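Numbering (the working numbering), first residue to last: 4 to 335. Glycine is no exception: its CB is placed at the ideal position from the N, C-alpha and C atoms. Keep in mind the model is a prediction, meaning the values are calculated, not measured. Here's the structure we're looking at; comments come further down.
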Ligand SMILES: [Ca+2]
Ligand SMILES: [Ca+2]
Ligand SMILES: [Ca+2]
Ligand SMILES: [Ca+2]
């Protein structure tokens, strides 16, 4: 889990470096490889992986991946491409880094509950591996190295702080149903189960992360248990991000309603951000003044019943079984 969160910390650090003026003692950094060059390599490696491996899914929806042995008749993962039934291998086009990625994901089960958007909190079990392909004397060998498994997630992860591959694919799945175990713990059923096959440009890229080497394509299997709606505005104080929510949940700041909101750096150059009302380069979900009239959104949103702005810190008490959120309403 820490590894996934790490990318957000890195992003914030990069922001703070960029915002400082250039200093004489600036260290020289080896420039990362061009994204198009690395993607061409990763694309081939991921295709190889999809061709050479098969999955088994147990009764608890745990996914195991194994190499098809010589002469083996197991269906490879690629054989599920656009399958009518599940598992179904699909892909999303991701336009970033001035190129277009085809991001593959496998739907093992869609789920029956609610979909997160790409900046919601998710409670998810997952297992991750990275791929490495080496060529020696004309023979190419592909290895998959497991780096982390979280079977019983204890806390929500904000997808905003995760790698791009996660942000793109989790919104394609739904949560499921809940019941109580005899010991009082929550039992999850009918939740979404899937896999993602992530080119390094949509993962940790040149930086790697902990045990994950730079330029590694990543493979995750996951189960989506719960979604938590979040409110994201923040300000930077002493290089730390400090929450400054405007009271409008990020899901309601998705102006074009496509289920995704992006920062300027997550879009190709010249693309107009459909979720940036005043066009100042800061999308509404991070903008404390969405319409750019110099009055903060927080003080502008009105209670439809009274026509007056909400007292911001006043969070309603919700009936049992519902949670209150910063948009001042109660949700199941
Ligand atoms: Ca907000
Ligand atoms: Ca959107
Ligand atoms: Ca804006
Ligand atoms: Ca305003």
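Item                                                                                                                   : Value
Any non-hydrogen atom of ligand 3 within 7 Å of residue 156 CB                                                         : no
Start and end residues, beta strand (DSSP E) containing residue 106                                                    : 102-112
Nearest candidate by alpha-carbon position, reference residue 219, set 114, 149, 72                                    : 149
Distance cut 6 Å, beta-carbon to ligand 1 heavy atom: residue list by chain order                                      : 234, 235, 236, 248, 249, 251, 253, 256, 288
Beta carbon of residue 127 nearer than 8 Å to that of residue 228                                                      : yes
Alpha carbon of residue 76 to alpha carbon of residue 90, nearest angstrom                                             : 17 Å
Check: residue 285 C-beta below 7 Å from any heavy atom of ligand 3                                                    : yes
Inter-residue Cα distance where the pair is residue 163 and residue 123                                                : 7 Å
Contact under 8 Å by Cβ, residue 101 with residue 242                                                                  : no
Cβ-based neighbour list, residue 247, same chain, cut-off 8 Å, excluding 5 preceding and 5 following                   : 236, 237, 238, 291
Extent of the continuous beta strand (DSSP E) to which residue 45 belongs                                              : Residue 45 -> not in any beta strand (DSSP E); alpha helix (DSSP H) instead, spanning 38-55.
Residue 218 beta carbon near ligand 2 (any heavy atom closer than 7 Å)                                                 : no
C-alpha gap between residue 57 and residue 182, whole angstroms                                                        : 32 Å
Start and end residues, alpha helix (DSSP H) containing residue 81                                                     : Neither: residue 81 is in no alpha helix (DSSP H) and is coded neither H nor E.
Sub-8 Å separation of residue 200 and residue 53 beta-carbons                                                          : yes
Classification of residue 119 by the beta-carbon crowding that lies within 10 angstroms, buried from 16 upward         : buried
Unbroken alpha helix (DSSP H) run spanning residue 172, endpoints                                                      : 167-172
Contact check, residue 108 vs residue 175, beta carbons under 8 Å                                                      : yes
Cβ-based neighbour list, residue 192, same chain, cut-off 6 Å, excluding 5 preceding and 5 following                   : 179, 180
Closest by C-alpha distance to residue 188, when choosing among 207, 155, 104                                          : 155
Any non-hydrogen atom of ligand 2 closer than 7 Å to residue 279 Cβ                                                    : no
Helix, strand or coil at residue 256 according to DSSP, with G and I counted as helix                                  : helix
Spatial distance of residue 329 from residue 288 (CA atoms)                                                            : Residue placement at residue 329 is poorly supported in this model, since its pLDDT is 48, which falls under 50; the coordinates still yield a value, given next. Near 13 Å, if we compare the C-alpha coordinates of residue 288 and residue 329.
Close-in-space but distant-in-sequence residues of the same chain around residue 68 (CB under 6 Å, 5 per side omitted) : 56, 58
Distance, residue 45 Cα to residue 215 Cα                                                                              : 15 Å
Beta carbon of residue 71 nearer than 8 Å to that of residue 65                                                        : no
Proximity test, residue 161 beta-carbon vs ligand 6 heavy atom, cut-off 7 Å                                            : Ligand 6 is not part of this structure, which contains only ligand 1, ligand 2, ligand 3 and ligand 4.
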